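*Asks:*
Protein chains: 6
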Amino acid sequence: ERDKYENNDVAGVVTGLAWTKVGGDILFIESTLSKGKGNLTITGNLGKVMKESATIAMEYIKSNADVLGINPDIFAKYNVHIHVPEGATPKDGPSAGVTMLTSLVSLFTQRKVKKSIAMTGEITLRGKVLPVGGIKEKILAAKRAKIKEILLCDQNKRDIDEIKQEYLKGLTFHYVSDMSNVLELALTKQKVKNAKNLDGGDY
Amino acid sequence: ERDKYENNDVAGVVTGLAWTKVGGDILFIESTLSKGKGNLTITGNLGKVMKESATIAMEYIKSNADVLGINPDIFAKYNVHIHVPEGATPKDGPSAGVTMLTSLVSLFTQRKVKKSIAMTGEITLRGKVLPVGGIKEKILAAKRAKIKEILLCDQNKRDIDEIKQEYLKGLTFHYVSDMSNVLELALTKQKVKNAKNLDGGDY
Amino acid sequence: ERDKYENNDVAGVVTGLAWTKVGGDILFIESTLSKGKGNLTITGNLGKVMKESATIAMEYIKSNADVLGINPDIFAKYNVHIHVPEGATPKDGPSAGVTMLTSLVSLFTQRKVKKSIAMTGEITLRGKVLPVGGIKEKILAAKRAKIKEILLCDQNKRDIDEIKQEYLKGLTFHYVSDMSNVLELALTKQKVKNAKNLDGGDY
Amino acid sequence: ERDKYENNDVAGVVTGLAWTKVGGDILFIESTLSKGKGNLTITGNLGKVMKESATIAMEYIKSNADVLGINPDIFAKYNVHIHVPEGATPKDGPSAGVTMLTSLVSLFTQRKVKKSIAMTGEITLRGKVLPVGGIKEKILAAKRAKIKEILLCDQNKRDIDEIKQEYLKGLTFHYVSDMSNVLELALTKQKVKNAKNLDGGDY
Amino acid sequence: ERDKYENNDVAGVVTGLAWTKVGGDILFIESTLSKGKGNLTITGNLGKVMKESATIAMEYIKSNADVLGINPDIFAKYNVHIHVPEGATPKDGPSAGVTMLTSLVSLFTQRKVKKSIAMTGEITLRGKVLPVGGIKEKILAAKRAKIKEILLCDQNKRDIDEIKQEYLKGLTFHYVSDMSNVLELALTKQKVKNAKNLDGGDY
Amino acid sequence: ERDKYENNDVAGVVTGLAWTKVGGDILFIESTLSKGKGNLTITGNLGKVMKESATIAMEYIKSNADVLGINPDIFAKYNVHIHVPEGATPKDGPSAGVTMLTSLVSLFTQRKVKKSIAMTGEITLRGKVLPVGGIKEKILAAKRAKIKEILLCDQNKRDIDEIKQEYLKGLTFHYVSDMSNVLELALTKQKVKNAKNLDGGDY
Ligand SMILES: [Ca+2]
Ligand SMILES: [Ca+2]
Ligand SMILES: [Ca+2]
Ligand SMILES: [Ca+2]
Ligand SMILES: [Ca+2]
Ligand SMILES: [Ca+2]
Ligand SMILES: [Ca+2]
Ligand SMILES: [Ca+2]
Ligand SMILES: [Ca+2]
Ligand SMILES: [Ca+2]
Ligand SMILES: [Ca+2]
Ligand SMILES: [Ca+2]
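Residue numbers (the numbering used here), protein chains in the order written: chain A, 2 to 204; chain B, 2 to 204; chain C, 2 to 204; chain D, 2 to 204; chain E, 2 to 204; chain F, 2 to 204.
(1) Out of curiosity, what's the CA-to-CA distance linking E:Ile161 and E:Asn182?
(2) Are the C-beta of F:Ser64 and some C-beta of chain D separated by less than 9 Å?
(3) Who are the Cβ neighbours of F:Lys192 in its own chain at under 7 Å, not counting the five residues just before and after it?
(4) If you measure from the beta carbon of F:Gly128 to each beta carbon in chain D, is any gap under 9 Å?
(5) How would you list, in chain order, the residues of chain A whose beta-carbon sits under 9 Å from the beta-carbon of C:Val46?
(6) For the candidate residues F:Thr103, F:Ser117 and F:Gly94, whose alpha-carbon lies nearest to that of F:Thr173?
(7) Could you give the C-beta distance for C:Thr121 and C:Val133, rounded to a whole number, given that I count them as a contact under 8 Å?
(8) Mapping DSSP to helix, strand and coil, what is C:Gln111?
(9) For chain F, is any of its Cβ atoms less than 9 Å away from the one on D:His205?
(10) Is there at least one Cβ from chain D nearer than 9 Å to F:Leu18's Cβ?
(11) Report the rounded CA-to-CA distance for F:Gln156 versus D:Asp4, giving the unit in angstroms.
(12) Could you tell me whether any Cβ in chain B is nearer than 9 Å to the Cβ of A:Ser117?
(13) Whole-angstrom Cβ separation of A:Ile148 and A:Tyr6, contact assumed at under 8 Å?
(14) I'd like to know whether the C-beta of C:Glu60 is nearer than 9 Å to at least one C-beta of chain E.
(15) If you count every other CB in all the chains shown that lies within 10 Å of the CB of E:Thr42, and 16 or more means buried, which is it?
(16) At the level of alpha carbons, what is the spacing between E:Gly201 and C:Glu60?
(17) For C:Glu150, name the three-state secondary structure that DSSP assigns.
(18) What are the partner residues of A:Gly25, as DSSP defines its beta bridges?
(19) Between E:Leu169 and E:Ile136, what straight-line distance do the alpha-carbon atoms span, to the nearest angstrom?
(20) Is it a yes or a no for the stretch 64 to 82 of chain F touching the stretch 30 to 48 of chain E, going by three-plus beta-carbon pairs under 8 Å?
(21) When burial is assigned at 16 or more other CB atoms within 10 Å of the CB, is E:Ala196 buried or exposed?
(22) List, in chain order, every chain A residue whose beta-carbon is nearer than 9 Å to that of C:Ala77.
(23) Does any CB atom of chain C fall closer than 9 Å to the CB of E:Val23?
(24) How is E:Val216 classed by DSSP in three states: helix, strand or coil?
(25) Go ahead and pull the three-state DSSP assignment for D:Ile43.
(26) Would a check of beta-carbon distances place B:Gly13 closer than 9 Å to chain D?
(27) In the DSSP assignment, what are the bridge partners of D:Ile30?
(28) Please list, in chain order, all residues of the same chain as C:Asp203 whose beta carbon is under 6 Å from its beta carbon, the five residues on each side excluded.
(29) Ordered along the chain, which non-local residues of its own chain (more than five positions away) have a Cβ less than 7 Å from that of C:Ala66?
(30) A:Ala143: which of A:Leu28, A:Asp10 and A:Lys22 sits nearest, CA to CA?
(31) Could you pull the start and end residues of the alpha helix (DSSP H) that A:Lys144 belongs to?
(32) Output yes if chain I places a C-beta closer than 9 Å to the C-beta of B:Ala89; else output no.
(33) List, in chain order, every chain E residue whose beta-carbon is nearer than 8 Å to that of F:Leu34.
(34) Residues of chain E with CB under 8 Å from C:Leu131, in chain order?
(35) Between E:Ile164 and chain F, is the shortest Cβ-Cβ distance under 9 Å, so that the two count as touching?
(36) Can you tell me whether B:Gly171 is buried or exposed, with buried defined as 16 or more other CB within 10 angstroms of its CB?
Shown next as C-alpha cells:
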C-alpha cells in the first residue's frame, strides 16, 4: 500500500514524488531546527547524490537569504536536520531537490506549505530547476495519494503530454524553470500555527 | 534462550521488539547522560539505518523540547550515549525508533517507563509513527518474555488481526499514530528513584 | 537532448565543455558565497580529480589575490560552494579546471562572464593551462548549444586543426597558455547586476 | 605457549579470558591516563564490537561517577588509552566488557585489582552483565595460566555445570549479574603502590 | 608527446623525474602559500605514499627551520598547497621526495630554483636521500625534456654506470646522500622576482 | 642490497629489525619534533598494527613522563612525526614497538642512542616487552648490516638458542622483559650534539 498525502500543518514537511524500483510513490521531506552552531544533518538511508541536494538547497538559501526574507544570522544559531522517511528504503538521485528547497524555506520562514501539492525536480545553485525522470510513474502515484497539484520543471512538460488524458484528470500542473517559481507556488504567505520566532530567540 | 523483561527501575531503559534471522526477540534500548558538550554516541553493533533512528529521536526531542517539558539548555551540557545490547548480534532497520525516542525522553525527564510494555515502530521527524515488519514474530517473542502491553503503529493493526486469537491472550495492544501518543502511553508521570536533577547541576 | 547556453546574468556561472560516455556536452559550473569561515563545499556527483580542480582553483586565487584584485580578508569570512549540475551523471577528470577558476574569480570579483563563451582545460598551481582530451566531441557539443567562442589550451590547437573546417564555422577560438589569459578573455570588466559588496559587509 | 597470569602491581591492568580460533587464552586489558582533554584511544588490533565495549565501559563510569567515588572533573582533564596486547592477533566481540570496566575503574580510583582473578562477560549501559560464549575453552586456559578465581555472568553458570569436575579443581567461581558486583569482587580497597593523585594535580 | 622543462621564474616549482607505466617522464611539483592556520593540502591524483612524501618534507623543514633560515612562526600563519599536474594520471611512490623538499624550501625562502635541473630520490626524516627505481627511463625522459643537470641519490650511481655513454651526453649528474646537499645544489642564493615577504606580513 | 647501520648522531633515529617477505632486514625509526599542539603523525606506508605501536609508545611515555625525566608540558607544545623509510615497502606488525619507544624517548630527552645496537620487540602499555617472530632472519640481517648488539624480549631467547653458534659470532644479545630495561640499554646518558632545549623554548 502506498503513502497518502496528509496535511500541511507543520513547517518543513513537503510532499515529493519518487520513482523507486517498485514504481512511483510519494515521499515526505521533513526538516527541523534546533539550537546549535549551523550544522546540517541528513538522514533517511540516502545516497550521495540525494544528500548533495540537501547541501545545494541549504547553500542556495544561505546565499539568497535577503531575497528570501530570511535573517542570515539564524544560520549560525541553529542546527538543521533533514529526514526522508522510510528508513528501510534506500533512496538516491537529484529529483527531491525542489522538495528539499521548499522544506527548508518553509522551515526558516515558518510559512505554511500549499495544501495537496507534490513536486519533483533537480535544483541548481544558480536557481534553475532541471527536469527529472520517471514522470509517468510519479504522476500515477500522486493520484493514488490524493494529490491535487503537481509542480514540475517546464522541460518535463513533454513527459506529461505523452500521458493519456484520463490519467491526468483532477490534477493541476505547475511548470517552473526557476527556484523562485517553486517557492511562490508551493509556499503560502501564511505562517504555520504555533510558528517559531527564530529571530527573537524564544526557541 | 530468549531475553526476559526485567524491570523499569532505571531511566532510559526501554524494551523493544526485534525481528532477527533467528526469529522474533525483545531488545533493550539503554541510554545515559554524562557531563559534556552535546555529543551523541551510539553503540551495539548497529547498522546505518538504526543509528539514524537515534539521530532522528534526538533531533525530534531537541526541536520539541518545550512541548516535552525539557530545558533545552541541557542538550549542550551533556553527552548522550545510546546502547543496544547484545554486541555479538548485528542489528539494523528503523523499527527501534519509538523505543529510542522513549528511552531518550525518559532520560531527559527522568520519568519512569511503564511496567511490562514493549514497542516497535519507525519514527519520523514530523512526529508520525510508521508501520514496521515482522509483527507476528515480534508478538510471539513478547509473550515469551512476559510482556503485558505492546505499543504499535496503528497501520500495524492489520498484522495483529491476522494472528490467531490464542496467541494474543494476555496481551494489551496500544495503537498509535503520533509520537506524542507513544510518550503518553509509555512513560509514567513518576520520576525514577534517585532521579538526577539535570537542570540544577548536581550531576 | 543536450544543454543550451543560457546567459551570463549571474556571477559565478560559467559554461564548460565535457566529454562523457554519451559524447560531448556542455556543463555549467556554479558557485556561491555565504557568510562563514572559509570552508569550500563541492557537489555534483564529482570524482576525486574533478574535486581537486576546485581546490587548485581556490588555492591559486588565494595565493594570487593581490594580482587578481581580491581583498584576501574575504576568504576567511565566507564559505564557497561549487556545484556542477546534473547530479544523476557522475563526472570526473581535470578538464573543468579553467571553468572552475573563471567561476570563482567571477564570484569573488562579481565580474560578469563573457557572453556565449565556453571553455575546457586543466589548471595548475603555477598558473599554466594544460591540454585535455575529447576536443572534437566537445566542439560539436558547443555548436549545438549555440556557443560562439571557445577557450582552449594552446597545446589543443592541433586537435582543432584536425577537425573539418565546416564543423568550425561560426566559432571563434581563443588559445591560452596561462591562467591570466583565461581570466582576461573570459571575464568582462563589468560587474553583474546587483553585484554583492563583499568587502563592505552588506552581504 | 600460552600467557601466564603475572601480578597486580599496576593500576588498570586486568586479566580477561578470550576465545580465539586457536582455543582459549587469557588476555590483558591495560589502560593509562595522560594529561589531556578527555579523549579515549583504543589499540590492540580490535574489531568494532570490542572497541564499543571500551566506549560502553567509559560512559558507564562517567554517568555513575558519584556512586563509584570518582570526581567527574577528571574525565575532562585526562586522556585515556586502553590497549589489549598482542597486536598480531585480531580480536573482537563483547566478552572483554567486564575486564575493560574493571581496568578503567582501577585506573580512575588507583585501586589494586584482586590477585589471580580473571573474568569474561559482556557489559551493558544499565549495569547488567550478560553471558558470553566459549566458557569451557576459557576455563581450561585460565587453569594453565595459574588463575585462581574466575568471574562470570550468572547466566554462564550452566556452562560451568557442564564441565567435568576434575577440570575445575583449584578454581573459585564468582557469578555476577550486575556491574557493581564485578567491581566489588575484582577490586581491592587498597591503592596501588605509587598511586597517582588524580584530583590534586601532581600528575 | 612528453613534457618539456619550462623555466625557473616561480618559487616552489621544481622538475622531478617520474617512471610511469608508459615509460619515463618529467613532472612538476608546484607549491603555493596562502594566509591560513598551517594546513597542508596535497592534490594531483596522488597515492598514499606520494602524499606521505609531502608530509615528510614539510615536517623535515619544520624541525630544521633554523638551519634552513626559515622563521618558524610562518608555519602557523600560512596554508601550504602542493600540487602535481597532470590530474588524469594517477601517481604514487616515494621518488618525488627530493623534488617536494626543494619545492617547499624554495617556497618558504622564495629562493630561485637552479635552471634546467631535474631530480628524483626518496627523502627521510633524518635528512638522508635514498635511492629509487626506474633510473634509465627517467634519464631518457630528462634528455627529451632538455634537462641539463640531474640530481640523484649516490646509491643510484650504479644505475647510471649501466647506461650507455651516448645516452648521457650533455647531462651533468649530481650525486647526493643528504637532503642538505639537495638544497645546496638545487636552490640558488637569488630570490625569485616579486619575492613575497613572508615575515613582514605584506602577503 | 640490504641496509647498513649508519651512526647515532641524531636524536630519534633507532635501528630495528624487520622480517619482510624477502627475508630479514634492518629498518630505521626516525622521529622529529616541531612546534605544535601535540599531534602525532606517522608515515612510511605502515599498516594499522604498526601505527598502533607508535600510539602505544607515545601514550606510555606520556603517562610515565616523570619516571622518564620528561617535562610533561612539552607534549602539548610540539607535534611529533614518526617515519619509517622506505616508502615503497608496506610494513606492518607490532615488532617495531621497542624501536619506536626508544626513538621517542631519545627525541624527548635528546639522549644519544647506543652505537651499533638494533632491536625488535612488541611493547605493552603496562611496560612489558613481548616476544616477536622471524628472529633467525632478523639476526642474519643484523650481521650483514654490521650491527654489534641486539636487544630482544627474554622470551625470544629460545629462538636464539636454536640458531647455529657460527651465525651469532660477533653479536652481543641483551634480553629484556620491561620497557625500562630497553631504555637503560639502548640510550646513553649523553645528549646528542646540538641537542635541542625543549623546555626552554629556543626551538
Ligand atoms: Ca512509501
Ligand atoms: Ca521528489
Ligand atoms: Ca536476545
Ligand atoms: Ca523495536
Ligand atoms: Ca547535459
Ligand atoms: Ca570543462
Ligand atoms: Ca596469548
Ligand atoms: Ca574477557
Ligand atoms: Ca606528462
Ligand atoms: Ca621525482
Ligand atoms: Ca631495506
Ligand atoms: Ca623492529
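Backbone N, C-alpha and C define an ideal beta-carbon position, used for all residues, glycine too.
Please read these numbers as outputs of a predicted model, since none were measured by experiment.
*Replies:* Per the coordinate set shown:
(1) As a first step, residue 161 of chain E must be located in the fifth sequence, where it is residue number 160. As a first step, residue 182 of chain E must be located in the fifth sequence, where it is residue number 181. Cα to Cα, E:Ile161 sits roughly 19 Å from E:Asn182.
(2) Here residue 64 of chain F is taken as the residue at index 63 of the sixth sequence, counted from 1. At a cut-off of 9 Å, the C-beta of F:Ser64 has a neighbouring C-beta in chain D.
(3) Here residue 192 of chain F refers to the residue found at position 191 of the sixth sequence. Excluding sequence neighbours, F:Lys192 sits near Gln111, Arg112 and Lys113.
(4) The count along the sixth sequence starts at 1 and reaches residue 128 of chain F at position 127. Interface residue, yes.
(5) Numbered from 1 along the third sequence, position 45 holds the residue referred to as residue 46 of chain C. Checking the sequence, you will find Asn at residue 46 of chain C rather than Val. Result: Lys49, Val50, Glu53 and Pro95.
(6) As a working mapping, residue 173 of chain F is identified with position 172 in the sixth sequence. Of the listed residues, the one whose Cα sits closest to F:Thr173 is F:Ser117.
(7) Start at 1 with the first residue of the third sequence, and residue 121 of chain C comes out as number 120. Start at 1 with the first residue of the third sequence, and residue 133 of chain C comes out as number 132. Yes, C:Thr121 and C:Val133 are in contact; Cβ-Cβ is about 6 Å, under 8 Å.
(8) On the third sequence, residue 111 of chain C is found 110 positions in, with the first residue counted as 1. In the three-state reduction of the DSSP assignment, C:Gln111 falls in the coil class, being assigned neither a helical nor a strand state.
(9) Because chain D in this structure spans residues 2 to 204, residue 205 of chain D falls outside the shown range and cannot be described.
(10) Here residue 18 of chain F is taken as the residue at index 17 of the sixth sequence, counted from 1. So, not an interface residue.
(11) As a position in the sixth sequence, residue 156 of chain F is number 155, starting the count at 1. As a position in the fourth sequence, residue 4 of chain D is number 3, starting the count at 1. Spanning the two alpha carbons is a distance of roughly 11 Å.
(12) Taking the first residue of the first sequence as 1, we reach residue 117 of chain A at position 116. For A:Ser117, the nearest beta carbon of chain B is not closer than 9 Å to its own beta carbon.
(13) Counted from its first residue, the first sequence places residue 148 of chain A at position 147. Counted from its first residue, the first sequence places residue 6 of chain A at position 5. Between A:Tyr6 and A:Ile148 the Cβ distance is about 6 Å, and since that is below 8 Å, they are a contact.
(14) Indexing the third sequence from 1 puts residue 60 of chain C at position 59. Using a CB distance cut-off of 9 Å, C:Glu60 counts as an interface residue toward chain E.
(15) The residue labelled residue 42 of chain E in the question sits at position 41 within the fifth sequence. Burial call: buried.
(16) Walking along the fifth sequence from the start, residue 201 of chain E turns up at place 200. Walking along the third sequence from the start, residue 60 of chain C turns up at place 59. Note on E:Gly201: pLDDT 45, under 50, position unreliable in the model; no value is reported.
(17) The residue you call residue 150 of chain C lines up with position 149 of the third sequence. Under the three-state reduction of DSSP, C:Glu150 is assigned to strand.
(18) The residue you call residue 25 of chain A lines up with position 24 of the first sequence. Looking at the DSSP output, A:Gly25 sits in a beta bridge with A:Trp20.
(19) Here residue 169 of chain E is taken as the residue at index 168 of the fifth sequence, counted from 1. Here residue 136 of chain E is taken as the residue at index 135 of the fifth sequence, counted from 1. Approximately 12 Å, taken between the alpha carbons.
(20) Segment contact: the stretch 64 to 82 of chain F against the stretch 30 to 48 of chain E, fewer than three CB-CB distances shorter than 8 Å; contact not assigned.
(21) Locating residue 196 of chain E in the fifth sequence gives position 195, where the first residue counts as 1. Exposed, because fewer than 16 other Cβ atoms sit within 10 Å of the Cβ of E:Ala196.
(22) Translated into positions along the third sequence, residue 77 of chain C becomes position 76. For C:Ala77, no chain A residue has a C-beta closer than 9 Å to its own C-beta; the minimum C-beta separation is roughly 15 Å.
(23) Taking the fifth sequence and counting its residues from 1, the one referred to as residue 23 of chain E is at position 22. Chain C contact via Cβ: absent.
(24) Because chain E in this structure spans residues 2 to 204, residue 216 of chain E falls outside the shown range and cannot be described.
(25) Against the fourth sequence, residue 43 of chain D aligns to sequence position 42. D:Ile43 falls in the strand class under three-state DSSP.
(26) Locating residue 13 of chain B in the second sequence gives position 12, where the first residue counts as 1. Yes, its Cβ sits closer than 9 Å to a Cβ of chain D.
(27) Within the fourth sequence, the letter at position 29 stands for residue 30 of chain D. In the DSSP output, where bridge partners are listed per residue, D:Ile30 has D:Val15.
(28) Indexing the third sequence from 1 puts residue 203 of chain C at position 202. With a pLDDT of only 41 at C:Asp203, under the threshold of 50, the placement of this residue in the model should not be trusted; the figure read from the coordinates follows. None.
(29) Taking the first residue of the third sequence as position 1, residue 66 of chain C is located at position 65. Correct list, in chain order: Pro73.
(30) Within the first sequence, numbered from 1, the residue matching residue 143 of chain A stands at position 142. Proximity to A:Ala143 across A:Leu28, A:Asp10 and A:Lys22 peaks at A:Leu28, based on C-alpha coordinates.
(31) As a first step, residue 144 of chain A must be located in the first sequence, where it is residue number 143. That run of the alpha helix (DSSP H) goes Ile136 to Arg145.
(32) Of the protein chains in this structure, namely A, B, C, D, E and F, none is chain I.
(33) Position 33 of the sixth sequence, counting from 1, holds the residue named residue 34 of chain F. Residues of chain E passing the Cβ test: Ser64.
(34) The residue given as residue 131 of chain C occupies position 130 in the third sequence. Under the 8 Å cutoff, chain E gives Pro86 and Glu87.
(35) Residue 164 of chain E sits at position 163 when you count from the first residue of the fifth sequence. Among the residues facing chain F, E:Ile164 is not included, as its CB has no counterpart in that chain under 9 Å away.
(36) Against the second sequence, residue 171 of chain B aligns to sequence position 170. Note on B:Gly171: under 16 other CB atoms within 10 angstroms of its CB, so exposed under the neighbour-count rule.
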